[in-house]
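Residue numbers in the sequence shown follow my numbering, run continuously in steps of one, and reach 536 at the last position. These notes concern the structure reproduced below.
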Amino acid sequence: MINRIKLLLGKGDERQGTANINIVVSFFLKGASVATSLIVVPLTIDFVSPIQYGIWLTLGSIIGWMNFFDIGFSNGLKNKLTAAVTKKDMAEAKILISTSYAFIAFISIILFVIFFVANQFLDWTEILNTDKSFFDELRLVTTIVFAIFSIQFVLQLLNTICIACHDVRLSGLISFLGNLLGLGIVLVLLKVVKGSLLALSLSIGIAPLIVLLLFTIILFNTRYRQMSPSINKIDKLKGKEIIGLSSKFFIIQIGLLFFYNIDNVIISQVAGPLAVTSYGIAFKYFSVITMISGIVMTPFWPAFTEAHIKNDKAWIIKTINKLQRACILIFILSFFMLLVSKFAYKFWVGKDIAIPFMLSAILSYYVAFNTFRTIFVYYLNATNKLSIQVLIVVGSGFLNIPLGFWLGHLLGASGVILSTAILCTICGIIEIIQYKKLINNHASGIWDR
88 MINRIKLLLG KGDERQGTAN INIVVSFFLK GASVATSLIV VPLTIDFVSP IQYGIWLTLG
148 SIIGWMNFFD IGFSNGLKNK LTAAVTKKDM AEAKILISTS YAFIAFISII LFVIFFVANQ
208 FLDWTEILNT DKSFFDELRL VTTIVFAIFS IQFVLQLLNT ICIACHDVRL SGLISFLGNL
268 LGLGIVLVLL KVVKGSLLAL SLSIGIAPLI VLLLFTIILF NTRYRQMSPS INKIDKLKGK
328 EIIGLSSKFF IIQIGLLFFY NIDNVIISQV AGPLAVTSYG IAFKYFSVIT MISGIVMTPF
388 WPAFTEAHIK NDKAWIIKTI NKLQRACILI FILSFFMLLV SKFAYKFWVG KDIAIPFMLS
448 AILSYYVAFN TFRTIFVYYL NATNKLSIQV LIVVGSGFLN IPLGFWLGHL LGASGVILST
508 AILCTICGII EIIQYKKLIN NHASGIWDR
């Protein structure tokens, strides 16, 4: 699969060559990362229970919302840092990185304090639609998990820096080692302790934290030494510049929060935690498509930014056309995975958890189309043409809640995902139209902003 995609993309120039190297190396790293995460699923279900696993997935989605509160700062940094690296301005890069770490750390501390206070008044058994016997455990688990996420919130800025510096493979390596360490911890816990949400949360949460911390220390003392963060290089004005660029990304992220990350919560409310487990398994299965999409697409965000800075429109058109042809293979793979999904689920997690075919069919279409859509989203993001996205993503995000509940009551978990798939398709069509207007110099007004 990856060789066919690489052939479709071609060798090209230095920019394309860098992207291809990242694609090939990331294929093995991401493949290994996804493999370890797939292995973890049945182990964690055995470690706790299907219902507890569903609770963990929903809880993870809610806590994961914290990632959206960097107000789009990481995406703004990505574009700014790529521009600085392209111009070989390491002094500017150092200021950008120093300011970004300070800003994200400040947000992280504020969010944790707010959450810690608010958590004393929250009933997580009501939020997650689960048994009252989990009340005390969930309060402790949410506090610990949010503390872990608060630290990871800062450290994961390293992934953005790697991508901006065209070192996507390093970001893939960090992800793989985090998943591998998490798998190792779960295997040990299976032998030595009784399964619980607390033990599961610690094992899965701490692993990526350790890896990110080690790589942060190593990279800023070696490869990124010239750009290593310094308190003396924090620049409030530079922070305002990044925030100015990031504001639209932030609004988009809020829309995406309700567009994607709310699905687990809606499913839990309309069908219960066990349905979240079924959805989580099916989603994890089709995440192989998302993994391949990430491998191919991630190097092209900074590449599109660089090409845009150099006004190399011919390269952009050629590359996007090749990526569209490569997506044919993604649709074929997604359809094949749907055909064998029943047997794959049985082999993977056994016969105890039922996964409706309709749910698999909707996810098969959704992940394949979203891969195709990502081509145009990355171009628009890389060139800061975000106004249309702000409108359609935020609108779709808020519409997804009532539509998801309505279809969920009619069709269960399948209906919730159908809502997301429908809205994703509408957004994709509009984003393709904007790309064509921009690339043909026909864009004006909001289409050019």
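Even for Gly, the Cβ is constructed at its ideal location relative to N, Cα and C. None of these values were measured; they are calculated from a predicted model.
Next on the checklist: Within a Cβ cutoff of 6 Å, which residues of the same chain sit near residue 502, ignoring the five residues on either side of it in sequence?
Outcome noted: Your numbering for residue 502 matches position 415 in the sequence shown. 494, 495, listed in sequence order.
Next on the checklist: Could you check whether the segment 247 to 267 touches the segment 218 to 236, counting it as contact only if at least three pairs of C-beta atoms, one from each stretch, sit closer than 8 Å?
Outcome noted: no
Item to check | Unbroken alpha helix (DSSP H) run spanning residue 256, endpoints | outcome: Position 169 of the sequence shown, counting from 1, holds the residue named residue 256. 255 to 279 is the extent of the alpha helix (DSSP H) around residue 256.
Checklist entry - What is the rounded straight-line gap between the Cα of residue 400 and the Cα of residue 439? => result Residue 400 sits at position 313 when you count from the first residue of the sequence shown. Residue 439 sits at position 352 when you count from the first residue of the sequence shown. Approximately 53 Å between the Cα atoms of the pair.
Next on the checklist: Buried or exposed, going by whether 16 or more other CB atoms sit within 10 Å of the CB of residue 377?
Outcome noted: In the sequence shown, counting from the first residue as 1, residue 377 sits at position 290. So residue 377 ends up on the buried side.
Item to check | Distance between beta carbons of residue 323 and residue 182, contact taken as under 8 Å | outcome: Within the sequence shown, the letter at position 95 stands for residue 182. Within the sequence shown, the letter at position 236 stands for residue 323. That belief does not hold up - the Cβ atoms of residue 182 and residue 323 are roughly 11 Å apart, past 8 Å.
Checklist entry - Does DSSP put residue 361 in a helix, in a strand, or in coil? => result As a working note, residue 361 is residue 274 in the sequence shown. Residue 361 falls in the helix class under three-state DSSP.
Checklist entry - Does the count of Cβ pairs from the segment 443 to 451 and the segment 365 to 377 closer than 8 Å reach three? => result yes
Checklist entry - Between residue 533 and residue 521, what straight-line distance do the alpha-carbon atoms span, to the nearest angstrom? => result Your numbering for residue 533 matches position 446 in the sequence shown. Your numbering for residue 521 matches position 434 in the sequence shown. Rounded to whole angstroms, residue 533 to residue 521 spans 10 Å at the Cα level.
Checklist entry - Looking at C-beta atoms only, is the number of pairs between the segment 201 to 219 and the segment 264 to 277 that lie closer than 8 Å three or more? => result no
Checklist entry - Mind checking residue 336: buried by the 16 CB within 10 Å criterion, or exposed? => result The residue labelled residue 336 in the question sits at position 249 within the sequence shown. Residue 336 comes out buried.
Next on the checklist: Report the start-end ranges of each alpha helix (DSSP H) in the segment 291 to 348 that is 4 residues or longer and not cut off at the edges.
Outcome noted: 323 to 346
Next on the checklist: Given this structure, state the Cα-to-Cα distance separating residue 449 from residue 429, to the nearest angstrom.
Outcome noted: Translated into positions along the sequence shown, residue 449 becomes position 362. Translated into positions along the sequence shown, residue 429 becomes position 342. Cα to Cα, the separation comes out at about 14 Å.
Next on the checklist: Quick check on residue 536: buried or exposed, where buried means 16 or more other Cβ atoms within 10 Å of its Cβ?
Outcome noted: For the purposes of this step, residue 536 is identified with residue 449 of the sequence shown, where counting begins at 1. By the neighbour-count rule (16 or more Cβ atoms within 10 Å), residue 536 is not buried but exposed.
Item to check | Range of the contiguous alpha helix (DSSP H) that encloses residue 170 | outcome: Your numbering for residue 170 matches position 83 in the sequence shown. That run of the alpha helix (DSSP H) goes 160 to 173.
Next on the checklist: Whether or not the segment 279 to 295 and the segment 186 to 200 are in contact is what I'm after, with contact meaning three or more pairs of Cβ atoms, one per stretch, closer than 8 Å; do they touch?
Outcome noted: no
Checklist entry - By DSSP, does residue 514 sit in helix, in strand, or in coil? => result One-based indexing of the sequence shown puts residue 514 at position 427. Of the three classes helix, strand and coil, the one that applies to residue 514 here is helix, per DSSP.
Checklist entry - DSSP state of residue 283, grouped into three classes? => result By one-based count along the sequence shown, residue 283 stands at place 196. Here residue 283 sits in coil by DSSP.
Item to check | Residues near residue 404 in its chain [Cβ-Cβ closer than 8 Å; skip 5 each side] | outcome: As a working mapping, residue 404 is identified with position 317 in the sequence shown. Excluding sequence neighbours, residue 404 sits near 526.
Item to check | Where residue 252 sits in the DSSP three-state scheme | outcome: Here the question's residue 252 lines up with position 165 in the sequence shown. Correct three-state label for residue 252: coil.
Item to check | First through last residue of the alpha helix (DSSP H) which encompasses residue 435 | outcome: The residue labelled residue 435 in the question sits at position 348 within the sequence shown. Note, residue 435: alpha helix (DSSP H), 428 to 436.
Checklist entry - Exposed or buried, which one is residue 301 when buried takes at least 16 other CB atoms within 10 Å? => result For the purposes of this step, residue 301 is taken as the residue at position 214 of the sequence shown. Label assigned to residue 301: exposed.
Checklist entry - Per DSSP, what kind of secondary structure is residue 208 in: helix, strand or coil? => result If you number the sequence shown from 1, residue 208 lands on position 121. Of the three classes helix, strand and coil, the one that applies to residue 208 here is coil, per DSSP.
Item to check | Distance CB(residue 313)-CB(residue 424) smaller than 8 Å | outcome: Here residue 313 is taken as the residue at index 226 of the sequence shown, counted from 1. Here residue 424 is taken as the residue at index 337 of the sequence shown, counted from 1. Cβ atoms of residue 313 and residue 424: not closer than 8 Å.
Item to check | Whole-angstrom C-beta distance between residue 131 and residue 287, which should lie under 8 Å | outcome: Here residue 287 refers to the residue found at position 200 when the sequence shown is read from its first residue. Here residue 131 refers to the residue found at position 44 when the sequence shown is read from its first residue. Indeed they touch by this definition, with Cβ atoms about 6 Å apart.
Item to check | For residue 271 and residue 298, believed in contact at Cβ under 8 Å, the rounded distance | outcome: Translated into positions along the sequence shown, residue 298 becomes position 211. Translated into positions along the sequence shown, residue 271 becomes position 184. Not really, about 12 Å apart at Cβ, beyond 8 Å.
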